[in-house]
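Worksheet: one structure, shown below.
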Amino acid sequence: MCLQRTLLFLLLFQASTALNAQLVPLSLEQRVINSDVVFEGKVISKSASWDEQRRHIYTTNLISVYKVFKGEIKSSTVEVVTIGGTVGNDREDVSYGLKLQEGSIGIFTCIPNTVRLSSAQGKTQLKVYSEIQGFIRYDLKTGSARDVFREYNKVTEDIYVPVQKIMHSKYKIMNKADFKIK
Numbered sequence: 011m012c013l014q015r016t017l018l019f020l021l022l023f024q025a026s027t028a029l030n031a032q033l034v035p036l037s038l039e040q041r042v043i044n045s046d047v048v049f050e051g052k053v054i055s056k057s058a059s060w061d062e063q064r065r066h067i068y069t070t071n072l073i074s075v076y077k078v079f080k081g082e083i084k085s086s087t088v089e090v091v092t093i094g095g096t097v098g099n100d101r102e103d104v105s106y107g108l109k110l111q112e113g114s115i116g117i118f119t120c121i122p123n124t125v126r127l128s129s130a131q132g133k134t135q136l137k138v139y140s141e142i143q144g145f146i147r148y149d150l151k152t153g154s155a156r157d158v159f160r161e162y163n164k165v166t167e168d169i170y171v172p173v174q175k176i177m178h179s180k181y182k183i184m185n186k187a188d189f190k191i192k
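Taken in order, the sequence shown gives residues 11 to 192; the numbers are from our numbering.
Printed below as a string of structure tokens:
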């Protein structure tokens with residue numbers, strides 16, 4: 011009887027874990043509408059630190075902002091905080107967390123960051139809306155882009171145009187881009 015209960019518990023636990031781990035795809039429109047800030051940018055540096063309670067490690071990604079499609083950005087750079095990272099010998103990996111690389115370029119859909127970090131420097135801090143779905147990475151060689159669920163054949167036609175239609179306005183240029191999109 012005890013073995014049956016244990017097996018039943020393990021089966022139910024595994025089923026609930028699998029259901030909770032599923033990521034629900036959000037359309038570009040949903041991400042834009044639900045974000046406070048939408049911008050194009052490039053990751054120029056990264057650093058990781060603990061939150062103030064020392065419960066989780068977060069990576070602060072310094073982003074050079076090129077175009078702002080939604081919201082207000084007052085500086086040419088912002089910090090995008092993502093969950094996970096490495097501090098000394100401690101590492102935290104989160105399967106649904108966005109992992110950015112220095113030099114990555116793309117569209118960020120963001121909301122205000124609410125996590126208090128031990129390394130906060132007073133810059134505008136944002137976090138991506140819907141974790142790994144909050145960044146659309148460009149492929150400059152092909153002029154395409156990709157997020158976790160979808161490929162965009164042409165950045166200008168498949169991202170710029172729809173986002174501007176959703177916003178009913180043109181983007182604002184913050185920095186001259188140091189790259190070209192095919």
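Cβ atoms here follow ideal geometry from the backbone N, Cα and C, with glycine treated the same way.
Cα atoms of Arg65 and Gly95: separation of roughly 13 Å, rounded to the nearest angstrom. Going by beta carbons, Thr119 and Val48 fall inside the 8 Å limit. About 7 Å separates the CB atoms of Lys137 and Val90; that is less than 8 Å, so the two are in contact.
The way I'd put it, the stretch 152 to 163 doesn't touch the stretch 98 to 105; fewer than three beta-carbon pairs between them come closer than 8 Å. Taken atom to atom, the span from the alpha-carbon of Arg147 to that of Glu62 is near 30 Å.
The beta carbon of Ser140 sits closer than 7 Å to those of Leu36 and Arg41, all from its chain and outside the five residues before and after it, given in chain order. Note on geometry: alpha-carbon atoms of Gly81 and Ser114 lie some 22 Å from one another.
The criterion of a C-beta distance shorter than 8 Å is satisfied by Phe145 and Gly116. A distance below 6 Å between beta-carbons, with the five flanking residues on each side excluded, links Val173 to the following residues of its chain, in chain order: Val42 and Phe79. At least 8 Å separates the beta-carbon of Thr124 from that of Gly107.
Put simply, of Ser179, Met184 and Gln143 the residue whose alpha carbon is nearest the alpha carbon of Leu33 is Gln143. Assigned with DSSP and collapsed to three states, Ile191 falls in coil, not helix or strand. Residue environment analysis places Leu150 among the exposed positions, since fewer than 16 neighbouring C-beta atoms fall within 10 angstroms of its C-beta. The beta-bridge partner set that DSSP reports for Glu89 consists of Leu72 and Gln135. Runs of the beta strand (DSSP E) lying entirely within the stretch 147 to 180 and spanning at least 3 residues, in chain order: 154 to 156. Contact annotation, Ser86 with Asn163: C-beta distance approximately 30 Å; criterion of less than 8 Å not satisfied.
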